[in-house]
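Q:
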Amino acid sequence: MTTTIENKTDVYSRPNARFGDDGTLEIRASAVGNCRRALWYEATGHQVTNPRDDDSLTMLEAGNALEPVVLRAMQRAGWDITPTDRDNPRMVSLRLGPTLAVSGHVDAAGVAPIFGLEPSIVEVKTRGPEAYKKWRTLGAERSHPESVWQAAFYTYGAFEEARDLVIATLDTGNRVWDYEVIPARRVERAFDQACARLGELAAHHLVNGPDPYVLPERDFTADDWQCKRCPFLNACLPGSAAVEEAEDEPAVDAGLVTDDEAQAALREYEQAQEMLKAIEEDKAWALGMLRTWLKQQGKEKARLEGREKTRTVGKVKSTRYNVNHKRLNALLDPETRATIVTENVSEYLRVS
Ligand code: SF4
């Protein structure tokens with residue numbers, strides 16, 4: 043394994059995968075978790091069949107633009123941050139054998155406040171509120187393992203050894219940020235996992251050469267978000283985008299609920315919301331009066347005649363138990379955490 047560090051301005055717009063002049067397959071570090079078939083499509087020059095739409099490009103650019111904001115927030119919180127010069131970014135390239143290299147630009151290096159001794163790689167991510175909550179609760183190795191693989195490559199590329207690394211994340215909805223430290227021994231493991239994953243692609247390359255028509259296996263299926271956002275979706279899974287639309291059609295065709303009926307339901311919902319709001323305000327006012335009255339009595343509990351029966355008015359104390367997920371994530375490996383913190387997905391309809 044050899045490493046080189048260089049400065050290149052095209053680093054932000056490089057393809058996820060390409061063949062270098064000497065035939066080496068170069069993978070962008072931010073793409074090490076991508077579908078290997080998609081990487082192959084890109085490296086071998088297949089035509090993009092499903093380009094990103096404008097909204098998704100805007101989201102991507104907004105995420106990139108917010109990275110310096112997170113780094114400045116870390117500095118204000120006492121971190122000693124050395125950000126990459128975005129006009130002249132520092133590129134780390136790691137050679138992993140005769141035909142494979144991984145390269146990318148490091149967001150920053152940073153030393154934690156007070157107890158930090160040596161610089162760590164800081165990988166900055168921006169996430170929506172749900173993804174942010176998932177990351178904080180489960181830890182990056184479970185919620186977004188590709189971000190840990192990416193930063194592990196930077197760590198080895200920059201320091202030639204495993205070190206603690208830092209994933210700093212901004213919640214773009216609530217504009218709050220936090221960080222997670224991945225200990226060095228788990229960085230080493232993430233690096234091994236990512237190397238094994240890319241090693242299979244390197245083996246495919248060794249056996250088949252850069253043949254655009256001999257494709258690696260698919261890593262995902264049409265239901266996965268990776269496929270739904272894949273720029274080669276129609277080449278890889280022709281018709282799957284159309285199938286998805288077709289699945290949605292029967293409900294509309296069946297005419298079970300017309301637009302007018304939905305509109306009327308929304309108005310009903312709005313009216314009910316207004317009534318509920320008024321009731322909640324009345325309830326809060328009444329409880330406030332009762333709280334004041336109980337305090338005046340100098341009691342924890344008292345009896346009062348209600349409309350239909352005598353009621354007890356009393357203070358109830360409840361205790362909430364919080365789990366410090368950041369500490370839990372730092373102490374335990376992802377497998378142990380998976381036995382402690384489990385996921386339950388529920389679905390509800392939101393009208394906003
Ligand atoms: S459509 Fe899915 S399986 Fe096919 S290349 Fe893209 S991500 Fe991979």
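Here the sequence shown is numbered in the numbering used here, starting from 43 and rising by one per residue.
Positions of the beta carbon are idealized from the N, C-alpha and C atoms, including for glycine.
1) Determine the DSSP secondary structure at Lys-368, reduced to helix, strand or coil.
2) Give the straight-line distance between the Cα atoms of Glu-183 and Ser-189, rounded to the nearest whole angstrom.
3) Would you tell me roughly how many angstroms separate the C-alpha atoms of Gly-62 and Asp-213, rounded to the nearest one?
4) With a threshold of 7 angstroms, establish whether the CB of Leu-243 neighbours any heavy atom of the ligand SF4.
5) Leaving aside the five residues before and after Asp-122 along the sequence, list all residues of the same chain whose C-beta is less than 6 angstroms from its C-beta, in chain order.
6) Give me whichever residues DSSP pairs with Lys-167 in a beta bridge.
7) Assign Ile-382 to one of two classes, buried (16 or more other C-beta atoms within 10 Å of its C-beta) or exposed (fewer than that).
8) Could you tell me if the beta carbon of Leu-275 falls within a distance shorter than 7 angstroms of some heavy atom in the ligand SF4?
9) Over what stretch of residues does the alpha helix (DSSP H) that includes Ile-123 continue unbroken?
10) Around the C-beta of Thr-211, are 16 or more other C-beta atoms found within 10 angstroms, so that it is buried, or is it exposed?
11) With a cut-off of 8 angstroms, do at least 3 Cβ pairs link the region 242–261 to the region 218–226?
12) Could you tell me how far apart the beta carbons of His-431 and Leu-67 are, in whole angstroms, since I believe they sit closer than 8 angstroms?
13) Who are Tyr-221's beta bridge partners in DSSP?
14) Just to confirm, are Glu-165 and Tyr-196 a CB contact at a threshold of 8 angstroms?
15) Does the separation of the CB atoms of Pro-273 and Asn-386 fall below 8 angstroms?
16) Under 7 angstroms: does the beta carbon of Arg-260 sit that close to some heavy atom of the ligand SF4?
17) Give the DSSP bridge partners of Val-144, in chain order.
18) Buried or exposed, going by whether 16 or more other CB atoms sit within 10 Å of the CB of Arg-392?
19) Contact between the region 70–90 and the region 136–155 is defined here as three or more beta-carbon pairs at a separation below 8 angstroms; is this criterion met?
20) With hydrogens ignored, establish whether the beta-carbon of Gln-117 is closer than 7 angstroms to any heavy atom of the ligand SF4.
21) So, helix, strand or coil for Thr-378, using DSSP?
22) Answer yes or no: do Lys-5 and Glu-347 have a C-beta to C-beta separation smaller than 8 angstroms?
23) So, is Pro-155 buried or exposed, given that buried needs 16 or more other C-beta atoms within 10 angstroms?
24) Could you check whether Asp-206 and Ala-226 sit closer than 8 angstroms to each other, using their CB atoms as the reference points?
25) What span of residues does the alpha helix (DSSP H) with Lys-343 cover, start to end?
26) According to DSSP, is Gly-158 helix, strand or coil?
27) Counting only runs that start and end within the region 77–118, where is the alpha helix (DSSP H) found for 4 or more residues in a row?
28) Let me know if Asn-76 comes out buried or exposed under the rule of 16 or more other beta-carbons within 10 Å of its beta-carbon.
29) According to DSSP, simplified to helix, strand and coil, what is Thr-361?
30) For a quick check, are the C-beta atoms of Arg-132 and Thr-126 less than 8 angstroms apart?
31) Taking only heavy atoms of the ligand SF4 into account, decide whether any of them is closer than 7 angstroms to the Cβ of Gln-268.
32) Specify, as a first and last residue, the run of the alpha helix (DSSP H) that Phe-262 falls within.
33) Is Arg-79 near the ligand SF4 - that is, is its Cβ less than 7 angstroms away from at least one heavy atom of it?
34) Taking only three categories from DSSP, how would you classify Phe-233?
35) Pull up the distance between the alpha-carbon of Gln-305 and that of Ala-314, whole angstroms please.
36) Quick check on the burial criterion: 16 or more other C-beta atoms within 10 angstroms. Buried or exposed for Gln-192?
A: By the coordinates alone:
1) When secondary structure is reduced to three states using DSSP, Lys-368 falls in the helix class.
2) Cα-Cα distance, rounded: 8 angstroms.
3) Separation of Gly-62 and Asp-213 (C-alpha to C-alpha, rounded to the nearest whole angstrom) is 37 angstroms.
4) For Leu-243, the CB stays at least 7 angstroms from every heavy atom of the ligand SF4.
5) For Asp-122, where only same-chain residues beyond five positions count, the Cβ hits under 6 angstroms are Val-153.
6) Under DSSP, the beta-bridge partners assigned to Lys-167 are Thr-211.
7) Per the 10 Å Cβ criterion, exposed.
8) Yes, the beta carbon of Leu-275 sits closer than 7 angstroms to at least one heavy atom of the ligand SF4.
9) Unbroken run through Ile-123 is the beta strand (DSSP E), 122–125; no alpha helix (DSSP H).
10) Buried.
11) Cβ pair count under 8 angstroms is below three, so no.
12) A query on residue 431 cannot be resolved here, the shown segment of the chain reaching from 43 to 394 and no further.
13) Paired residue(s): Ala-210.
14) Pairing Glu-165 with Tyr-196 gives a Cβ-Cβ distance under 8 angstroms.
15) The Cβ atoms of Pro-273 and Asn-386 lie no closer than 8 angstroms to each other.
16) It does: the Cβ of Arg-260 is within 7 angstroms (strictly closer) of some heavy atom of the ligand SF4.
17) DSSP lists Ile-69 and Leu-136 as partners of Val-144.
18) Classified as exposed, Arg-392 has fewer than 16 neighbouring CB atoms from the shown chains inside 10 Å of its CB.
19) Contact holds between the region 70–90 and the region 136–155, because three or more Cβ pairs, one in each stretch, are under 8 angstroms apart.
20) Result no, Cβ not under 7 angstroms from the ligand SF4.
21) Secondary structure at Thr-378: helix, using DSSP grouped into helix, strand and coil.
22) One cannot answer for residue 5 here, as it falls past the ends of the chain, which runs 43 to 394.
23) It counts as exposed.
24) Yes, the Cβ-Cβ distance between Ala-226 and Asp-206 is below 8 angstroms.
25) Segment 343–347 is the beta strand (DSSP E) holding Lys-343; no alpha helix (DSSP H) there.
26) In the structure shown, the three-state DSSP call for Gly-158 is coil.
27) Here the runs fully enclosed are 78–85 and 96–118.
28) Counting Cβ neighbours within 10 Å, Asn-76 comes out buried, since at least 16 surround it.
29) Assigned with DSSP and collapsed to three states, Thr-361 falls in coil, not helix or strand.
30) In this structure, Thr-126 lies closer than 8 angstroms to Arg-132 by Cβ.
31) Under cutoff, so the answer is yes.
32) Neither: Phe-262 is in no alpha helix (DSSP H) and is coded neither H nor E.
33) Yes - the ligand SF4 has a heavy atom lying nearer than 7 angstroms to the Cβ of Arg-79.
34) Helix at Phe-233.
35) If you take the alpha carbons of Gln-305 and Ala-314, they lie about 14 angstroms apart.
36) Gln-192 comes out buried.
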